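What follows is one structure encoded as C-alpha cells, with my remarks underneath.
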Amino acid sequence: MNKAIYPGSFDPMTNGHLDIIKRASKMFDEITVCILKNTAKTPLFSVEDRVKIMENAVKDLPNVKVDSFDGLLIDYAAANDVHVAIRGLRAVTDFEYELQIAQTNRKFSKDNLDTVFLITSLEYAYLSSSTVKEIARYGGDISECVPEDVAKLVYEKFGRVN
Ligand code: PNS
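Okay, here's the thing in C-alpha cells:
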C-alpha cells in the first residue's frame, strides 16, 4: 500500500491543512495525519482536542486516519512502516525551515523517510494556525480560515462568543 504521513502541530487545523489533506488523499492509498509536538510552540489545544478536531474534519475522507505521537517523526514513521511525509509549502519563507527538517529527517532515518511538498492553494497562501489564533484572540473573523466548529472552539479558548 502506498502510504504517507502528514505531520504537524495543527493547533488548530485550518482550511489550508484540509486542502493539503484532500489533495494528498488522492495521491496516496492512505494518509495518516499525525499530530506531533513542535517544541518551539506552546499549544492552545491539547493533543487530545486536536485529534478530535482533526478526526471530525476528515470524517468524510475514507483513506485518511488521525493519530498522535510524542516523539520524533522518523520514529513514528519507522514504527508504522511509512516512508513519505507530506508538508505544505506556502512561500519562500517556509522553504528554509522545511528544507532543514526534510533533510534532517532523511539523514536520521537513514534515507527511510522522504518529504513530498505540496504547494498551498492560492486562496490559503496567507493562512497559518498562528494568524488564526491572533485574529481570534482580538475578536476578528476567522470564518474563512477554519471549519465552523473549529472557529467556535478557538473563540471559546479566548473567552469570546463570536
Ligand atoms: O505544524 P508545524 O508546527 O510546522 O509542525 C512541525 C512538526 C510537528 C512536524 C515538527 O516539529 C516535528 O516533526 N516534530 C516532532 C519531532 C521531530 O521529529 N522533529 C524533526 C526533527 S528536528
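Using this note's numbering, the first residue of the sequence shown is number 7, and each one after it goes up by one.
Note that CB positions come from ideal geometry on N, CA and C, so glycine has one too.
Since this is a predicted model, take the numbers as computed values, not measurements.
Please identify the residue among the options whose C-alpha is closest to the C-alpha of residue i.
| i | options | result |
| --- | --- | --- |
| Phe164 | Val39, Ile141, Val88, Leu79 | Ile141 |
| Met60 | Lys28, Thr137, Phe16, Ser127 | Phe16 |
| Lys28 | Tyr103, Arg93, Val156 | Arg93 |
| Leu95 | His23, His89, Lys139, Pro18 | His23 |
| Tyr130 | Asn21, Lys9, Gly14 | Asn21 |
| Glu154 | Met19, Pro13, Asn8 | Met19 |
| Lys113 | Leu79, Val156, Asn8 | Leu79 |
| Ala97 | Asp73, Lys116, Phe123, Ala84 | Phe123 |
| His89 | Tyr103, Ala108, Phe101 | Ala108 |
| Cys40 | Asn8, Asp25, Tyr82 | Tyr82 |
Any heavy atom of the ligand PNS inside 7 Å of the beta-carbon of residue i?
| i | result |
| --- | --- |
| Ile107 | yes |
| Leu124 | no |
| Gly94 | no |
| Ser52 | no |
| Ser149 | no |
| Ser115 | no |
| Thr110 | yes |
| Lys58 | no |
| Pro49 | no |
| Gly22 | no |
| Ser3 | Residue 3 falls outside the range modelled here, since the chain spans only 7 to 168, and no answer is possible. |
| Ile80 | yes |
| Leu133 | no |
| Leu42 | yes |
Name, in chain order, the residues that DSSP records as bridge partners for residue i.
| i | result |
| --- | --- |
| Ala30 | DSSP lists no partner for Ala30. |
| Tyr12 | Val39 |
DSSP three-state call for residue i: helix, strand or coil?
| i | result |
| --- | --- |
| Ile141 | helix |
| Asp25 | helix |
| Val167 | coil |
| Asp3 | An answer regarding residue 3 cannot be provided, because it is not within the stretch 7 to 168 covered by the chain. |
| Val160 | helix |
| Glu150 | coil |
Kindly provide the ranges of any alpha helix (DSSP H) runs that are 4 or more residues long and lie completely inside the region 31-91, ordered along the chain. 53-63, 79-85
Only counting runs of 3 or more residues, tell me where the beta strand (DSSP E) segments fall wholly within the region 88-134, in order along the chain. 90-95, 120-125
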